[in-house]
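First comes the structure, then the notes that go with it.
In this note's numbering, the protein residues as written are 54 to 605.
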């Protein structure tokens with residue numbers, strides 16, 4: 054498509070810079086809303102899923118978090134179609150209002166103890182609305198900024214959109230920490246956690262005002278004036294194999310790997326610190342915030358660099374390097390975060406010796422299953438304490454045992470016991486195992502005096518650096534893959550399937566794998582396999598796009 058030099062090839066004037074800034078700021082607020090839940094997942098699990106056993110409750114809280122990601126592709130389809138039909142600007146107003154309202158309502162929802170099952174049902178419904186809104190947000194913001202940017206600078210300008218996700222997370226962490234420090238831990242965990250959600254009403258009002266000042270993309274305006282709009286963007290984007298094939302390759306060869314690296318470097322790392330290493334929640338949030346502060350400028354750096362050497366080599370290199378180094382980095386996080394666990398695991402390893410047929414995959418979404426076999430009892434005790442363990446097969450029908458170093462402790466079969474007797478015997482067994490673990494040097498919580506916080510920040514910052522490599526250039530790469538008439542629709546779907554499904558489920562799948570195997574690092578296999586797959590698919594089947602004309 055032809056266009057004027059001022060609109061596309063010259064530098065952005067002051068008004069265009071203001072538009073890009075306003076678009077980015079509004080997106081920060083949307084990500085803030087979305088990430089509040091992720092940052093408070095542990096507390097939310099206690100308030101809304103307290104009817105489940107402890108392991109199931111945490112995993113189901115993560116699933117509720119992931120539910121918002123699961124529907125993002127549907128939001129991408131709905132709002133992508135609107136963006137290609139009526140323009141980029143109007144979708145901004147719709148998505149921010151839905152996002153802000155659903156987030157505010159989370160702050161006033163009754164808990165499980167008040168209304169029972171209705172509480173988690175309503176929570177998940179609001180999470181789905183958040184996901185739909187965010188599904189329409191990113192494609193519009195990235196397309197809008199890219200269509201304003203001059204040639205040769207799309208990577209740089211769209212990198213500011215990439216920063217917004219981290220700024221949103223950073224802002225949510227700051228508000229949470231400020232509220233927690235102001236109220237104290239007890240009040241914050243009882244009711245103060247709702248305040249960050251309620252504050253979103255102020256942020257959404259600012260965002261709506263900002264977005265009402267925006268002007269439509271000049272590229273879209275000119276396409277509309279020339280009558281070259283798509284009349285059926287969904288059919289054109291996904292009903293024609295040439296474009297559908299590119300959508301699939303963009304997903305598997307770019308966004309899937311980018312997504313798992315993104316969520317491993319931020320959310321999975323946060324949960325690893327608090328759940329596996331038992332580091333204080335406030336401390337863990339501060340460590341993640343420090344790493345984000347160090348790493349965030351590299352979003353812009355890699356966006357700028359992609360304008361010179363290309364999008365593809367940077368994104369794929371980030372996927373490959375992350376996959377090759379996750380195990381040593383997370384083992385280093387254990388070494389510097391809670392060295393007592395590392396030392397105890399080396400000197401007195403824990404093993405569950407049990408009949409594999411009596412060991413359940415302890416995830417119960419409705420809270421009805423009873424995990425009463427001797428194997429399940431043993432693993433529940435260890436999972437509650439975050440203890441890494443190995444599995445060893447025992448003869449069929451044997452009562453499970455927990456081996457801590459040289460000490461062997463017999464579990465018990467609870468199937469024939471009533472509720473009170475089972476609870477009493479579980480408590481006794483837990484106390485016995487706890488004493489053996491304590492004697493072997495396993496700590497109940499990380500000792501701040503033994504933690505090396507500077508080294509933790511360094512390792513976490515490396516994880517964030519990988520995030521910036523894969524995420525900084527991805528918006529420009531996706532925008533440049535697709536023609537203007539169906540760009541919003543086409544790029545949004547692979548982005549949100551990648552980030553919503555492949556990435557959004559990283560914490561859930563990761564910790565389900567950990568609970569299954571007992572190895573605190575086992576959950577890393579999921580992002581590693583996806584990232585390596587993306588590296589090879591992208592290398593073989595996707596082209597470099599930095600020099601393409603996006604006005605076609």
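All C-beta atoms in this analysis are idealised placements derived from N, C-alpha and C, irrespective of residue type, glycine included.
Terminal residues of the continuous alpha helix (DSSP H) containing residue i?
i: residue 406; result: Residue 406 -> not in any alpha helix (DSSP H); beta strand (DSSP E) instead, spanning 403-407.
i: residue 243; result: Element bounds for residue 243: n/a, residue is neither H nor E.
i: residue 432; result: 427-438
i: residue 546; result: 540-550
i: residue 606; result: The structure shown does not extend to residue 606, since the chain spans only 54 to 605, so no value can be given for it.
i: residue 366; result: 364-390
i: residue 189; result: 171-201
i: residue 536; result: Premise fails: residue 536 is in no alpha helix (DSSP H) and is neither H nor E.
i: residue 578; result: 578-594
Please report the straight-line C-alpha distance between residue i and residue j, rounded to a whole angstrom.
i: residue 261; j: residue 336; result: 34 Å
i: residue 167; j: residue 600; result: 58 Å
i: residue 398; j: residue 428; result: 20 Å
i: residue 93; j: residue 510; result: 21 Å
i: residue 420; j: residue 116; result: In this predicted model, residue 420 has a pLDDT of only 49, less than 50, meaning its place in the structure is not dependable; the value taken from the coordinates is given anyway. One C-alpha to the other measures close to 14 Å.
i: residue 528; j: residue 544; result: 9 Å
i: residue 196; j: residue 541; result: 6 Å
i: residue 602; j: residue 592; result: 22 Å
i: residue 565; j: residue 414; result: 9 Å
i: residue 400; j: residue 457; result: 10 Å
i: residue 231; j: residue 334; result: 13 Å
i: residue 253; j: residue 217; result: 16 Å
i: residue 256; j: residue 264; result: 12 Å
i: residue 598; j: residue 568; result: 42 Å
i: residue 463; j: residue 455; result: 6 Å
i: residue 588; j: residue 526; result: 15 Å
Can you tell me whether residue i is buried or exposed? The criterion is at least 16 other CB atoms within 10 Å of its CB, across all chains shown.
i: residue 473; result: exposed
i: residue 502; result: exposed
i: residue 507; result: exposed
i: residue 410; result: exposed
i: residue 61; result: Because the pLDDT at residue 61 is just 40, under 50, the model does not fix this residue reliably, and the point stays unresolved.
i: residue 445; result: exposed
i: residue 351; result: buried
i: residue 152; result: buried
i: residue 240; result: exposed
i: residue 424; result: buried
i: residue 360; result: buried
Please check the pair residue i and residue j, which I expect to be a contact at CB under 8 Å, by giving their CB distance rounded to whole angstroms.
i: residue 234; j: residue 499; result: Actually they are not in contact, since the Cβ atoms of residue 234 and residue 499 sit about 20 Å apart, beyond 8 Å.
i: residue 441; j: residue 571; result: 6 Å
i: residue 299; j: residue 534; result: 6 Å
i: residue 125; j: residue 553; result: 3 Å
i: residue 580; j: residue 317; result: 4 Å
i: residue 518; j: residue 389; result: The pair is not a contact, with the Cβ atoms about 17 Å apart (cut-off 8 Å).
Please say whether residue j and residue i have beta carbons closer to each other than 8 Å?
i: residue 213; j: residue 81; result: no
i: residue 394; j: residue 495; result: yes
i: residue 375; j: residue 314; result: yes
i: residue 176; j: residue 162; result: yes
i: residue 207; j: residue 532; result: yes
i: residue 118; j: residue 90; result: yes
i: residue 97; j: residue 114; result: yes
i: residue 438; j: residue 492; result: no
i: residue 560; j: residue 320; result: yes
i: residue 407; j: residue 436; result: no
Taking the continuous beta strand (DSSP E) assigned at residue i, which residues delimit it?
i: residue 215; result: Per DSSP, residue 215 belongs to no beta strand (DSSP E); it is in the alpha helix (DSSP H), 207-236.
i: residue 444; result: 443-446
i: residue 462; result: 460-463
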